[in-house]
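Colleague: When the letters of the sequence shown are read in order and numbered with the working numbering, they come out as residues 27 to 257.
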Amino acid sequence: MNYSRTLMTSVLLGGLCSAQNFFELPNVSEKFNVIVTIENCTEDQCSGKTIIDIYDKSSMKKYQTLSSANFYLDLNENRKPALDSLKRSVVFDDLNFDGAEDVAIRNGNNDQGSPFFEVYLNDPFTQQLVLNDELTNLVRSNSGMFTVDPDRKKIIAYLKKGCCWNLRSEYVLVPERGPLKVLEFEEDTRDLKKVTTIKREFIDYKWFAKTTIYPREVYYKEENNENTERN
27 MNYSRTLMTS
37 VLLGGLCSAQ
47 NFFELPNVSE
57 KFNVIVTIEN
67 CTEDQCSGKT
77 IIDIYDKSSM
87 KKYQTLSSAN
97 FYLDLNENRK
107 PALDSLKRSV
117 VFDDLNFDGA
127 EDVAIRNGNN
137 DQGSPFFEVY
147 LNDPFTQQLV
157 LNDELTNLVR
167 SNSGMFTVDP
177 DRKKIIAYLK
187 KGCCWNLRSE
197 YVLVPERGPL
207 KVLEFEEDTR
217 DLKKVTTIKR
227 EFIDYKWFAK
237 TTIYPREVYY
247 KEENNENTER
257 N
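Right under this line is the structure:
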């Protein structure tokens with residue numbers, strides 16, 4: 027018997043069939059099943075205040091309920107959550123390298139117009155997903171959700187201004203302190219003839235910077251060469 031399907035069906039039928047704003051989010055997590063209740067929906071998208079109900083796949087019990095003031099979800103032609111939209115709306119991953127699944131929930135946009143996420147870390151003591159201010163503020167100050175590099179145990183954030191300026195920042199997580207920036211790579215392509223890059227590294231409690239100027243055609247030739255390592 028498929029208990030996961032039975033759970034989801036019973037939840038949806040338990041008073042939810044009268045509306046069309048309830049969606050199961052398939053395969054977003056290894057450990058959890060997720061159902062969202064969204065305030066406003068059209069034929070191809072939903073947005074607004076949202077309740078996110080999270081169920082433990084192994085026990086079939088509700089694990090936790092989270093909320094978003096401005097969730098967002100695209101729907102496909104069958105009026106089901108589109109896969110690409112899921113990746114932009116709810117992110118389950120080990121975001122602090124402790125072996126447990128954490129989650130980032132879409133909550134509108136930041137001041138730059140980029141998708142904003144609130145980051146919840148799985149607390150091993152309370153067995154609850156707890157809002158983390160430091161990682162949430164990291165999303166707020168950059169262009170969208172950061173990524174994680176589990177092999178190097180680094181958090182990578184991206185900031186973009188206009189068409190021609192980008193900044194990639196790398197962080198390590200310091201216990202009791204949060205993310206500590208250890209590297210920046212700035213790319214400025216505003217000049218039509220040249221590209222300027224600045225690499226800054228935090229080594230032995232000091233910042234070191236290296237500026238390199240490339241002819242534009244050389245820079246993009248090297249960028250397209252997968253064997254070239256500028257970083």
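Just so you know, even glycine gets a beta-carbon here, dropped at the ideal spot from N, CA and C.
1) Can you tell me the Cα-Cα spacing of residue 47 and residue 124, whole angstroms?
2) Could you tell me if residue 78 is buried or exposed, where buried requires 16 or more neighbouring beta carbons within 10 angstroms of its beta carbon?
3) For residue 230 and residue 184, what's the separation of their Cα atoms in angstroms?
4) Going straight from the alpha carbon of residue 56 to that of residue 242, what length do you get?
5) Can you check whether the C-beta of residue 129 is within less than 8 Å of a C-beta belonging to chain B?
6) Start and end of the beta strand (DSSP E) containing residue 132?
7) Does the separation of the CB atoms of residue 62 and residue 54 fall below 8 Å?
8) Going by CA-CA distance only, name the one from 222, 115, 90 and 82 that's closest to residue 71.
9) What's the gap between the Cα of residue 171 and the Cα of residue 87?
10) Could you give the uninterrupted runs of the beta strand (DSSP E) lying entirely in the segment 60-133, keeping only those of 3 residues or more?
11) For residue 210 and residue 164, what's the separation of their Cα atoms in angstroms?
12) Where does the unbroken alpha helix (DSSP H) through residue 162 begin, and where does it stop?
13) Tell me the rounded alpha-carbon separation between residue 143 and residue 187.
14) Based on DSSP bridge pairs, tell me the residues matched to residue 200.
15) Pick helix, strand or coil for residue 226, following the three-state DSSP scheme.
16) Please work out which residues of its chain come closer than 7 Å, Cβ to Cβ, to residue 238, disregarding the five sequence neighbours upstream and downstream, and give them in chain order.
17) Under the three-state reduction of DSSP, which class applies to residue 240: helix, strand or coil?
18) Are residue 180 and residue 200 closer than 8 Å when you measure CB to CB?
19) May I ask you to report which of helix, strand or coil DSSP gives residue 184?
Modeller: Result, derived from the coordinates:
1) 34 Å
2) buried
3) C-alpha of residue 230 to C-alpha of residue 184: approximately 24 Å in a straight line.
4) Each residue's Cα considered, the two are about 44 Å apart.
5) Included in the structure is just one protein chain, with no chain B present.
6) 128-135
7) no
8) 115
9) 29 Å
10) 71-82, 88-100 and 116-119
11) 14 Å
12) 159-166
13) 19 Å
14) 204
15) Note: residue 226 maps to strand in three-state DSSP.
16) These residues qualify, in order along the chain: 223.
17) strand
18) Residue 180 is not a Cβ neighbour of residue 200, given a cutoff of 8 Å.
19) strand
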